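First the structure, in the form of structure tokens, and then the observations on it.
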Amino acid sequence: MTKAEAELALLIADSLGRGELPEARRLKERLEPPQRALPVDTPVALTELASFDALLEGCA
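Under the working numbering, read the sequence shown as residues 39 to 98, first letter to last.
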């Protein structure tokens with residue numbers, strides 16, 4: 039059992055122990071990783087679409 043599975047089992051058991059049904063939305067919120075901001079200073083070079091055609095022709 040992974041750490042996430044163990045934590046999920048504990049959260050479900052706690053809800054059931056209080057006589058409540060576990061809410062999937064709350065479980066997801068507790069278990070999903072925190073959102074990280076994407077770096078803004080990473081340069082991205084755009085490729086011309088024609089170069090993809092050349093790649094596909096080479097695979098045929």
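All C-beta atoms, glycine included, are put in the ideal place defined by N, C-alpha and C.
These numbers come from a predicted model, not from an experiment.
| Just to confirm, are Ala-100 and Leu-59 a CB contact at a threshold of 9 angstroms? | Lying before the first or after the last residue shown, residue 100 is absent from the chain, which here runs from 39 to 98.
| Measuring CB to CB, does Leu-65 end up less than 9 angstroms from Leu-76? | To locate residue 65, count along the sequence shown from 1; it is residue 27. To locate residue 76, count along the sequence shown from 1; it is residue 38. No; because the gap between Cβ atoms is not below 9 angstroms, this pair is not in contact.
| message | Would Met-39 and Ala-47 be called neighbours here (beta carbons separated by less than 9 angstroms)? | response | Counting from 1 along the sequence shown, the entry for residue 39 is found at position 1. Counting from 1 along the sequence shown, the entry for residue 47 is found at position 9. Cβ atoms of Met-39 and Ala-47: closer than 9 angstroms.
| Coarse secondary structure for Gly-57, derived from DSSP in three states | Counting from one through the sequence shown, the residue named residue 57 turns up at place 19. It is coil, neither helix nor strand.
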